[in-house]
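Scroll down for the structure; my scribbles are underneath it.
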Amino acid sequence: MRAIILVLLAVLVVAPVYAPLYADSRGVVIAVTAPYLEPLVKAIGGERVEVVSLVPLGVDPHHYEPPLSVLLDLVGRARLVVMTGPSHLPIEERVKELASDGYLTLRLVDYRDYLNAGLQMLRNPLTGGVNPHGYTFTLSGLKAVARAVCRALSEVDPSWSGYYEENLRSYLQYLDSLARALNRTSEGLGGTRVALLTPVLQYVVAELGLELGYLVLPEHGLQVEALRALNAANSYGKLYDVLLVSDLELAEYGDLVSQLESRGVAVAVVPLSRLVNSSPELVPLATLIALMSYRNVPRAPQEGGGYLLSVLVAVLALASGAALGYTVRVVGLGKHR
């Protein structure tokens, strides 16, 4: 039965179907500071908008800043710039400086707008500061960003506000269907204590109702000292039940993960790279799949195939997205070995 569950979940990914984006001269050009913001902006703007990413696909936005001439050319036609934050990406700081100095006259949409639209930001347990990473990988975070984008679009393009609001309603309904599926399927993970390598998945862990028992590094991109690795290994079973990592983190910290696995630590890998720039709303589901695939993770016992039934209910709930203009495509969601 466990194999059936994994096969069912490992091939199911619900992805939004968007119309091709060909904005005419009357449309709205929107710049985004990270490629993973594009699907959300397209969902709200529809055929009315053209989205331009200021960071090329495949480039780490945390370490990218184009020459001034290139940046000005990219945002020259834009009426909105949708950003993350706070103090997250170098290119965002540059855009703010240019706007403050009068080189850009456009509407900036950032985390302050998302807070006003309902975003709840978390604090990094190691630094005590606000964690700017990963809130767009959660359904609640995406809802807040979507509301803020809709408001901003309605401000700069008021004659089309009804169109944007209708797109927002459809998008929120889709996210609600995902939330219902997650709530039903995550019941068996109650009480699970999770460790993270970096804070990237902190918001996802919180949204799934899991306990963040341990954080190895305060930020990504840092070197792992021997003492940190030793402490992480010794804390397994005491402070956490499973180490949750993204495949992007695995590429950076593969040696550390291998060391921890050799010490008996259970590791679940989320295929973030396959979803982040196309279907970020599916990251919580992928996380849930990864956690359920490890026997070390506590599960509530169910009789008579009840666990499989809950998964099938989730599948049906996700499939309901098709009625809202979404379809199903197949990708592989592998686990680390």
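The sequence shown maps to residues 1425 to 1761 in my numbering. Using N, Cα and C, we set each Cβ at its ideal position, and we do this for glycine too.
{"Asked": "By Cβ distance, which residues of its chain are closer than 6 Å to Gly-1633, with the 5 residues on each side in sequence left out?", "Found": "none"}
{"Asked": "According to DSSP, what are the bridge partners of Ile-1454?", "Found": "Val-1475 and Leu-1504"}
{"Asked": "Please work out which residues of its chain come closer than 7 Å, Cβ to Cβ, to Gly-1565, disregarding the five sequence neighbours upstream and downstream, and give them in chain order.", "Found": "Leu-1543, Tyr-1559 and Tyr-1627"}
{"Asked": "From the DSSP output, in three-state form, read off Tyr-1527 for me.", "Found": "coil"}
{"Asked": "Go through its chain and collect everything with a Cβ distance to Pro-1623's Cβ below 6 Å, but skip five positions before and after it.", "Found": "Asn-1548, Asn-1555 and His-1557"}
{"Asked": "Between the segment 1576-1590 and the segment 1676-1693, do at least 3 Cβ pairs fall closer than 8 Å?", "Found": "no"}
{"Asked": "Just to confirm my understanding: we take Tyr-1538, look at its own chain, exclude 5 residues before and 5 after, and list those with CB closer than 7 Å. What are they?", "Found": "Ala-1568, Val-1569 and Ala-1572"}
{"Asked": "State the start and end residues of the unbroken alpha helix (DSSP H) segment that holds Gly-1661.", "Found": "Element bounds for Gly-1661: n/a, residue is neither H nor E."}
{"Asked": "Near Leu-1585, what residues of its chain come up, given a Cβ to Cβ distance below 8 Å and the 5 sequence neighbours on each side ignored?", "Found": "Checking the displayed sequence, the identity of residue 1585 turns out to be Ser instead of Leu. Excluding positions up to five away in sequence, the list reads Leu-1577 and Ser-1578."}
{"Asked": "Buried or exposed: where does Glu-1649 fall if 16 or more other Cβ atoms within 10 Å of its Cβ makes it buried?", "Found": "exposed"}
{"Asked": "Give me the DSSP bridge partner(s) of Arg-1571.", "Found": "Arg-1571 pairs with nothing; no bridge assigned."}
{"Asked": "Among Glu-1474, Leu-1674 and Ile-1468, whose alpha-carbon lies nearest the alpha-carbon of Ile-1454?", "Found": "Glu-1474"}
{"Asked": "When DSSP labels each residue in this structure, what does Leu-1712 get in the three-state scheme?", "Found": "helix"}
{"Asked": "Name the DSSP beta bridge partners of Arg-1547, please?", "Found": "Val-1554"}
{"Asked": "Taking the alpha carbon of Leu-1461 as the point to measure from, which residue in His-1487, Ser-1703, Pro-1708 and Leu-1709 has its own alpha carbon closest?", "Found": "Ser-1703"}
{"Asked": "What separation, rounded to the nearest whole angstrom, lies between the Cα atoms of Pro-1463 and Leu-1699?", "Found": "11 Å"}
{"Asked": "On the DSSP letters alone, give me the boundaries of the alpha helix (DSSP H) that Val-1494 sits inside.", "Found": "1492-1499"}
{"Asked": "Do three or more CB pairs link the segment 1529-1536 to the segment 1590-1598 at distances below 8 Å?", "Found": "no"}
{"Asked": "When burial is assigned at 16 or more other CB atoms within 10 Å of the CB, is His-1487 buried or exposed?", "Found": "exposed"}
{"Asked": "Ignoring anything shorter than 3 residues or poking outside the segment 1601-1658, list the beta strand (DSSP E) runs there in chain order.", "Found": "1617-1620 and 1635-1639"}
{"Asked": "Drop a sphere of 10 angstroms on the beta-carbon of Glu-1727, count the other beta-carbons inside from all chains shown, and report buried for 16 or more, exposed for fewer.", "Found": "Confidence is the limiting factor: at Glu-1727 the pLDDT is only 42, short of 50, which leaves the residue's position unreliable and the question unanswerable from this model."}
{"Asked": "Please identify the residue among Arg-1617, Leu-1672, Leu-1602 and Thr-1508 whose C-alpha is closest to the C-alpha of Leu-1715.", "Found": "Arg-1617"}
{"Asked": "Are Pro-1510 and Pro-1485 closer than 9 Å when you measure CB to CB?", "Found": "no"}
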